[in-house]
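Report on one structure; see the data block that follows.
Protein chains: 2
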Amino acid sequence: MLESAEIGHKVPKQVYAREEPKLRELLLNAQFDLSQSGRGPLLLVISGVEGGGRGETANKLTEWMDPRHIHVVAFGARVPEEAARPRAWRYWRSLPPKGKIGILMNAWYNEAMLAHVQGKIDVDQVNTRVQAIREHEQMLTDEGFVLLKFWIHLSKAAQKQRLQELERDPTTAWRVTREDWKAYRIYNKAHELWECLLRETSTGVAPWHVVEGADGRYRYLTVGKILLESLRATLAPRPATPKHAITPPAPSVIDNVKLIRDLDLSKRLPVKAYDHELEKHQGKLATLTRHKRFAKRSLILVFEGVDAAGKGGAIRRVTGALDARQYVTVPVAAPTEEERAFPYLWRFWRNVPRYGGVTIFDRSWYGRVLVERVEGYCSVYDWMRAYDEINQFEEQLTRGNAVVVKFWLQISKAEQLRRFRARERSPFKRFKITADDWRNRKKWNAYEQAVCDMVDRTSTEIAPWTLVEAEDKYYARIKVLQTIADRVKRALAR
Amino acid sequence: MLESAEIGHKVPKQVYAREEPKLRELLLNAQFDLSQSGRGPLLLVISGVEGGGRGETANKLTEWMDPRHIHVVAFGARVPEEAARPRAWRYWRSLPPKGKIGILMNAWYNEAMLAHVQGKIDVDQVNTRVQAIREHEQMLTDEGFVLLKFWIHLSKAAQKQRLQELERDPTTAWRVTREDWKAYRIYNKAHELWECLLRETSTGVAPWHVVEGADGRYRYLTVGKILLESLRATLAPRPATPKHAITPPAPSVIDNVKLIRDLDLSKRLPVKAYDHELEKHQGKLATLTRHKRFAKRSLILVFEGVDAAGKGGAIRRVTGALDARQYVTVPVAAPTEEERAFPYLWRFWRNVPRYGGVTIFDRSWYGRVLVERVEGYCSVYDWMRAYDEINQFEEQLTRGNAVVVKFWLQISKAEQLRRFRARERSPFKRFKITADDWRNRKKWNAYEQAVCDMVDRTSTEIAPWTLVEAEDKYYARIKVLQTIADRVKRALAR
Numbered sequence: 000m001l002e003s004a005e006i007g008h009k010v011p012k013q014v015y016a017r018e019e020p021k022l023r024e025l026l027l028n029a030q031f032d033l034s035q036s037g038r039g040p041l042l043l044v045i046s047g048v049e050g051g052g053r054g055e056t057a058n059k060l061t062e063w064m065d066p067r068h069i070h071v072v073a074f075g076a077r078v079p080e081e082a083a084r085p086r087a088w089r090y091w092r093s094l095p096p097k098g099k100i101g102i103l104m105n106a107w108y109n110e111a112m113l114a115h116v117q118g119k120i121d122v123d124q125v126n127t128r129v130q131a132i133r134e135h136e137q138m139l140t141d142e143g144f145v146l147l148k149f150w151i152h153l154s155k156a157a158q159k160q161r162l163q164e165l166e167r168d169p170t171t172a173w174r175v176t177r178e179d180w181k182a183y184r185i186y187n188k189a190h191e192l193w194e195c196l197l198r199e200t201s202t203g204v205a206p207w208h209v210v211e212g213a214d215g216r217y218r219y220l221t222v223g224k225i226l227l228e229s230l231r232a233t234l235a236p237r238p239a240t241p242k243h244a245i246t247p248p249a250p251s252v253i254d255n256v257k258l259i260r261d262l263d264l265s266k267r268l269p270v271k272a273y274d275h276e277l278e279k280h281q282g283k284l285a286t287l288t289r290h291k292r293f294a295k296r297s298l299i300l301v302f303e304g305v306d307a308a309g310k311g312g313a314i315r316r317v318t319g320a321l322d323a324r325q326y327v328t329v330p331v332a333a334p335t336e337e338e339r340a341f342p343y344l345w346r347f348w349r350n351v352p353r354y355g356g357v358t359i360f361d362r363s364w365y366g367r368v369l370v371e372r373v374e375g376y377c378s379v380y381d382w383m384r385a386y387d388e389i390n391q392f393e394e395q396l397t398r399g400n401a402v403v404v405k406f407w408l409q410i411s412k413a414e415q416l417r418r419f420r421a422r423e424r425s426p427f428k429r430f431k432i433t434a435d436d437w438r439n440r441k442k443w444n445a446y447e448q449a450v451c452d453m454v455d456r457t458s459t460e461i462a463p464w465t466l467v468e469a470e471d472k473y474y475a476r477i478k479v480l481q482t483i484a485d486r487v488k489r490a491l492a493r
Numbered sequence: 000m001l002e003s004a005e006i007g008h009k010v011p012k013q014v015y016a017r018e019e020p021k022l023r024e025l026l027l028n029a030q031f032d033l034s035q036s037g038r039g040p041l042l043l044v045i046s047g048v049e050g051g052g053r054g055e056t057a058n059k060l061t062e063w064m065d066p067r068h069i070h071v072v073a074f075g076a077r078v079p080e081e082a083a084r085p086r087a088w089r090y091w092r093s094l095p096p097k098g099k100i101g102i103l104m105n106a107w108y109n110e111a112m113l114a115h116v117q118g119k120i121d122v123d124q125v126n127t128r129v130q131a132i133r134e135h136e137q138m139l140t141d142e143g144f145v146l147l148k149f150w151i152h153l154s155k156a157a158q159k160q161r162l163q164e165l166e167r168d169p170t171t172a173w174r175v176t177r178e179d180w181k182a183y184r185i186y187n188k189a190h191e192l193w194e195c196l197l198r199e200t201s202t203g204v205a206p207w208h209v210v211e212g213a214d215g216r217y218r219y220l221t222v223g224k225i226l227l228e229s230l231r232a233t234l235a236p237r238p239a240t241p242k243h244a245i246t247p248p249a250p251s252v253i254d255n256v257k258l259i260r261d262l263d264l265s266k267r268l269p270v271k272a273y274d275h276e277l278e279k280h281q282g283k284l285a286t287l288t289r290h291k292r293f294a295k296r297s298l299i300l301v302f303e304g305v306d307a308a309g310k311g312g313a314i315r316r317v318t319g320a321l322d323a324r325q326y327v328t329v330p331v332a333a334p335t336e337e338e339r340a341f342p343y344l345w346r347f348w349r350n351v352p353r354y355g356g357v358t359i360f361d362r363s364w365y366g367r368v369l370v371e372r373v374e375g376y377c378s379v380y381d382w383m384r385a386y387d388e389i390n391q392f393e394e395q396l397t398r399g400n401a402v403v404v405k406f407w408l409q410i411s412k413a414e415q416l417r418r419f420r421a422r423e424r425s426p427f428k429r430f431k432i433t434a435d436d437w438r439n440r441k442k443w444n445a446y447e448q449a450v451c452d453m454v455d456r457t458s459t460e461i462a463p464w465t466l467v468e469a470e471d472k473y474y475a476r477i478k479v480l481q482t483i484a485d486r487v488k489r490a491l492a493r
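Line order of the protein sequences matches chains A and B. Residue 0 is where the first sequence starts when you use numbering that gives the first Met the number 0, and the numbers rise one by one after that. Residue 0 is where the second sequence starts when you use numbering that gives the first Met the number 0, and the numbers rise one by one after that.
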């Protein structure tokens with residue numbers, strides 16, 4: 000892939016002088032149309048060889064276009080707030096919203112390459128990262144992103160020449176760093192890795208464009224034209240039929256609602272025992288989350304459940320054991336306008352705790368495969384792909400030292416009715432019961448099916464679901480506390 | 000102030016059982032009305048004595064009310080991302096938007112107290128912090144915040160009793176930490192400091208409410224009732240006349256537009272010299288921002304200027320010298336809906352760089368005293384108070400190790416016309432010229448007055464304005480680069 004970018008492409012000065020203003024105008028207009036269309040966003044990944052002109056290229060694009068709608072982010076060694084969270088966190092933070100253009104310098108590529116060159120990860124680990132990159136880029140595309148990946152290339156001779164030229168002039172010598180020469184020395188070794196990485200991550204939805212970097216004019220025009228083409232394709236009218244008109248698959252397990260129907264909802268805890276058990280388990284959790292080894296861990300709790308199953312009460316018993324400085328509770332409702340301009344997992348990434356922290360999600364990303372599925376807020380393709388995306392998300396969290404504990408709180412239909420009625424009678428619980436709740440209740444069976452599919456497809460070894468028999472709230476709260484304490488204890492013991 | 004909260008207030012069980020449901024209902028309704036009104040927000044500061052029940056009180060309020068519209072944040076020792084930024088940064092991050100209720104545990108109070116008790120800051124430094132707190136709370140109130148500050152108090156005897164009770168029961172013993180007993184031992188010493196701090200920060204806009212903490216029922220009902228009263232006052236209909244109907248003061252300096260009119264706009268730099276000067280000064284800035292001492296500093300650049308004065312071009316010459324990983328450029332336009340729900344400085348605090356970082360504001364918080372003043376987007380009182388608020392803001396940045404460099408780029412009215420016309424003719428600069436620009440041009444004199452007031456009132460020793468003669472763009476760019484390099488150099492030498 001790289002050889003065609005080592006042959007010395009050049010654009011003469013006059014040609015550039017003629018073409019640049021035209022290209023610039025077209026780019027500006029297309030950028031404006033994009034910002035109005037709400038499509039995209041366009042995400043440019045600019046990676047490549049040291050000294051090839053990656054930075055100059057990004058600067059040129061921002062100079063050509065309206066700086067309010069284009070944003071460049073570069074990644075270096077992880078700063079403390081990044082190092083205390085899963086690796087992908089900083090990339091999620093840097094995604095542009097719909098209608099905009101984002102340029103990520105190196106993005107998620109150089110981290111893996113650098114780690115390999117430095118001998119920190121072996122080939123298998125590189126492959127694991129490559130697989131994760133492919134899945135991530137597939138997800139972005141499914142969420143409407145247009146990915147443009149540029150590899151700015153130089154032959155070894157051209158790299159040497161470039162660095163020497165810069166060094167010779169005392170006013171530009173500062174541009175050459177020790178890192179640049181280090182990169183030059185391992186050129187041959189790295190070349191093989193680049194080839195492999197480019198090949199493995201050149202997918203249908205996100206192919207690489209290899210651009211020779213030696214001649215600035217050639218580089219600018221080439222990148223600019225590809226960008227223009229891509230902007231136009233993004234803005235082109237689309238057929239009215241959805242891109243992915245697929246039918247829902249058969250459930251993976253026949254009669255899989257058994258999972259929920261077989262729960263023994265008669266489980267009870269006597270009130271007398273409750274107070275004692277509560278203090279005991281809160282004490283355990285309190286001790287564990289204040290343990291010095293927890294400072295390198297984080298805890299992510301997911302509470303899902305039937306309406307009125309007692310999520311709020313259970314959450315308060317958990318937070319009662321935590322230091323107020325270490326946790327946040329995130330109530331999840333319909334996404335805001337800002338959140339809708341990003342992939343659906345974005346707002347959850349935003350709330351990923353740092354080491355030593357706890358985030359409690361009162362409802363969560365599982366809305367995608369529950370309410371969004373049942374109410375038809377997203378296409379079948381969208382919620383079907385969500386299972387894998389969610390599993391990948393939770394794997395990334397877990398690899399980033401998080402303990403992920405997920406609860407489904409279940410009550411019977413009769414008990415729900417009783418609680419709804421009681422809420423309507425209570426002056427200060429009325430706000431908890433809305434027309435939505437009654438509507439959801441009518442779809443009890445559809446939700447039951449969705450829940451069972453969800454548990455079936457996303458109960459992984461690293462992040463299993465815990466089904467909680469919540470007919471008796473005391474029993475439920477203790478089971479929740481006990482489960483969390485067990486999971487944290489096991490994680491700290493590792 | 001504290002003695003009245005050491006006498007043993009109590010609420011009998013039956014009274015509580017009767018009053019709690021009523022209070023809860025009224026609170027819920029008022030909270031709902033607040034969320035609909037877009038007023039506020041309400042900010043509760045809950046501080047006080049260890050073991051007094053601060054955390055329990057916050058939990059009770061979130062249990063009583065709708066958790067979607069109330070949010071608790073607690074502050075401990077600063078984590079790395081907080082420690083690498085000015086002290087106030089984490090408090091700004093935690094402010095609730097309009098319509099919501101925020102609870103800040105300890106907020107900005109305990110940090111100063113702790114530092115003093117530990118002997119890290121003397122009485123004068125405490126006073127400086129107190130002054131900053133008063134100004135900050137005044138600003139919040141002016142921005143629509145309703146501040147409710149609760150000091151949950153215990154007598155020394157009651158504190159001891161509370162800690163002992165908890166320790167005696169093996170299931171609650173974990174709630175008592177070494178810090179609690181440490182706090183008990185310095186009770187007498189701290190008592191004096193509390194009195195002083197409460198007195199000095201009990202202002203008309205933000206008085207303290209001292210609440211005895213020993214009896215939970217008394218504590219909950221007292222805090223709840225004060226909160227309810229405050230919610231009602233916030234929601235009460237308001238007179239149509241603005242709160243602060245004041246007339247603009249006379250300019251502080253007669254004929255102060257001289258400042259700008261006297262600029263020598265004939266200053267030029269020959270094109271031949273430019274390229275060399277550019278590389279030289281970029282090199283200097285590059286070396287400085289890569290210096291190891293810069294890792295404990297940050298750089299904040301503010302670019303303001305007449306329309307078409309060449310801010311964008313100057314900014315690109317600055318970024319050309321910086322490592323792409325260390326800077327962000329923030330183009331400032333009209334605030335978004337989300338941003339309008341916060342005080343006007345909020346969106347700038349959001350972009351304060353960490354140590355080692357650079358933020359470049361293309362337009363800035365000075366919009367408050369420029370466009371907002373001239374166009375009448377805010378009241379006279381609002382832009383008049385902004386001068387002080389901005390000076391305080393920049394002082395906080397500077398104390399947080401930031402170097403703040405502010406530029407005003409000036410061109411003549413004739414040159415502006417020439418550039419506007421040239422932009423209209425250029426296919427790729429057309430987007431830079433809008434009806435707004437022509438409208439602003441008509442208000443040339445009003446802007447000139449606003450600029451001169453701004454420079455006069457906000458050119459401080461720590462963050463002086465640099466007026467840049469920008470008729471010749473080469474001269475302007477070099478002056479900008481040179482000024483930044485000088486300021487950074489001086490900062491690193493200290």
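The beta-carbon is built from N, C-alpha and C at its ideal position, and this holds for glycine as well.
Which residues does DSSP pair with aspartate 274 of chain A in a beta bridge?
-> Bridge partners of aspartate 274 of chain A according to DSSP: none are assigned.
Using the C-alpha atoms, what's the distance from aspartate 435 of chain B back to tryptophan 63 of chain A?
-> Distance between the alpha carbons of tryptophan 63 of chain A and aspartate 435 of chain B is about 22 Å.
Below-7 Å beta-carbon distance, tryptophan 173 of chain B vs any chain A residue = The Cβ of tryptophan 173 of chain B sits closer than 7 Å to at least one Cβ of chain A.
Cβ neighbours of glycine 202 of chain A in the same chain (closer than 8 Å, five flanking residues each side left out) | For the sequence presented, residue 202 of chain A should be read as threonine rather than glycine. Closer than 8 Å at the Cβ level, and outside the excluded window around threonine 202 of chain A, lie Arg133, Glu136 and Gln137.
Within the region 393–471 of chain B, note down every full beta strand (DSSP E) run reaching 3 residues or more, in order along the chain.
-> List check, beta strand (DSSP E) in window: 401–409 and 464–468.
Using the rule of at least 16 other Cβ atoms within 10 Å of the residue's Cβ for burial, across every protein chain shown, is isoleucine 185 of chain B buried or exposed?
-> An exposed status is given to isoleucine 185 of chain B, since fewer than 16 other beta-carbon atoms sit within 10 Å of its beta-carbon.
Using a Cβ-Cβ distance under 7 Å, would glycine 279 of chain A count as near chain B?
-> Contrary to the premise, residue 279 of chain A reads as lysine rather than glycine in this sequence. With 7 Å as the cut-off, lysine 279 of chain A counts as an interface residue toward chain B.
Threonine 397 of chain B versus leucine 227 of chain B: straight-line alpha-carbon distance, rounded | Cα to Cα, threonine 397 of chain B sits roughly 39 Å from leucine 227 of chain B.
DSSP state of valine 256 of chain B, grouped into three classes?
-> DSSP places valine 256 of chain B in the coil class of the three-state scheme, outside both helix and strand.
Where the region 17–29 of chain A meets chain B: residues whose CB sits under 7 Å from a CB there | Residues passing the 7 Å Cβ filter: Pro20, Arg23, Glu24 and Leu27.
According to the Cβ coordinates, are proline 342 of chain B and glutamate 142 of chain B closer than 7 Å?
-> Yes. Within cutoff.
Threonine 288 of chain A, buried or exposed, once every other Cβ within 10 Å from all chains shown has been counted against 16 | Result: buried.
In the DSSP assignment, what are the bridge partners of methionine 104 of chain B?
-> Answer by DSSP bridge pairing, in chain order: B/Ile45 and B/Ala73.
If you draw a straight line from the C-alpha of histidine 190 of chain A to the C-alpha of glycine 212 of chain A, how long is it?
-> Note on geometry: alpha-carbon atoms of histidine 190 of chain A and glycine 212 of chain A lie some 15 Å from one another.
Aspartate 261 of chain B: buried (16+ other C-beta within 10 angstroms of its C-beta) or exposed?
-> Exposed, because fewer than 16 other Cβ atoms sit within 10 Å of the Cβ of aspartate 261 of chain B.
Can you grab the Cα-Cα spacing for the pair tryptophan 507 of chain B / tyrosine 90 of chain B, in whole Å?
-> Because chain B in this structure spans residues 0 to 493, residue 507 of chain B falls outside the shown range and cannot be described.
Span of the beta strand (DSSP E) holding valine 209 of chain B?
-> Element bounds for valine 209 of chain B: 207–211.
Taking three-plus beta-carbon pairs below 8 Å as touching, is the region 460–479 of chain A in contact with the region 393–408 of chain A?
-> A contact exists between the region 460–479 of chain A and the region 393–408 of chain A.
Between the Cα of aspartate 65 of chain B and those of A/Ala332, A/Ala462 and A/Asn105, spot the shortest distance and give me the residue it belongs to.
-> Of A/Ala332, A/Ala462 and A/Asn105, the residue nearest in Cα terms is A/Ala332.
Within the same chain, show all residues whose beta-carbon is closer than 8 Å to that of arginine 92 of chain A, passing over the 5 residues directly before and after it, in chain order.
-> Excluding sequence neighbours, arginine 92 of chain A sits near Trp348 and Arg349.
Take tyrosine 217 of chain A and list the residues in its own chain whose beta-carbon comes closer than 6 Å to its own, dropping the five residues that flank it on each side.
-> His8, Lys9 and Val10.
Could you name the residues of the region 42–55 of chain A whose beta carbon sits closer than 7 Å to any beta carbon of chain B, in the order they occur along the chain?
-> Taken in chain order, the members of the region 42–55 of chain A whose beta-carbon sits within less than 7 Å of a beta-carbon on chain B are Gly54.
Starting from glutamate 80 of chain B, find everything on chain A with Cβ-Cβ shorter than 7 Å and list it in chain order.
-> By Cβ distance, chain A contributes Pro79 and Glu80.
How would you write the range of the beta strand (DSSP E) that isoleucine 314 of chain A sits in, first residue to last?
-> Counting along the chain, no beta strand (DSSP E) covers isoleucine 314 of chain A; the unbroken alpha helix (DSSP H) around it starts and ends at 310–318.
Check whether aspartate 361 of chain B and phenylalanine 302 of chain B have beta carbons under 7 Å apart | Note that the C-beta distance between aspartate 361 of chain B and phenylalanine 302 of chain B is below 7 Å.
For threonine 328 of chain B, which residues does DSSP report across the bridge?
-> In the DSSP output, where bridge partners are listed per residue, threonine 328 of chain B has B/Ile359.
Paired residues, beta bridge with glycine 203 of chain B - DSSP = Answer by DSSP bridge pairing: none, since glycine 203 of chain B is not bridged.
Isoleucine 69 of chain B vs isoleucine 45 of chain B beta-carbon contact at 7 Å = By the CB criterion at 7 Å, isoleucine 69 of chain B and isoleucine 45 of chain B fall outside the cutoff.
Relative to the alpha-carbon of valine 48 of chain B, which residue among B/Thr433, B/Lys472 and B/Lys188 has its alpha-carbon at the smallest distance?
-> Per the Cα distances, B/Lys188.
Whole angstroms is fine: what's the gap from glycine 118 of chain B's alpha carbon to leucine 197 of chain B's?
-> For glycine 118 of chain B and leucine 197 of chain B, the distance between alpha carbons rounds to 20 Å.
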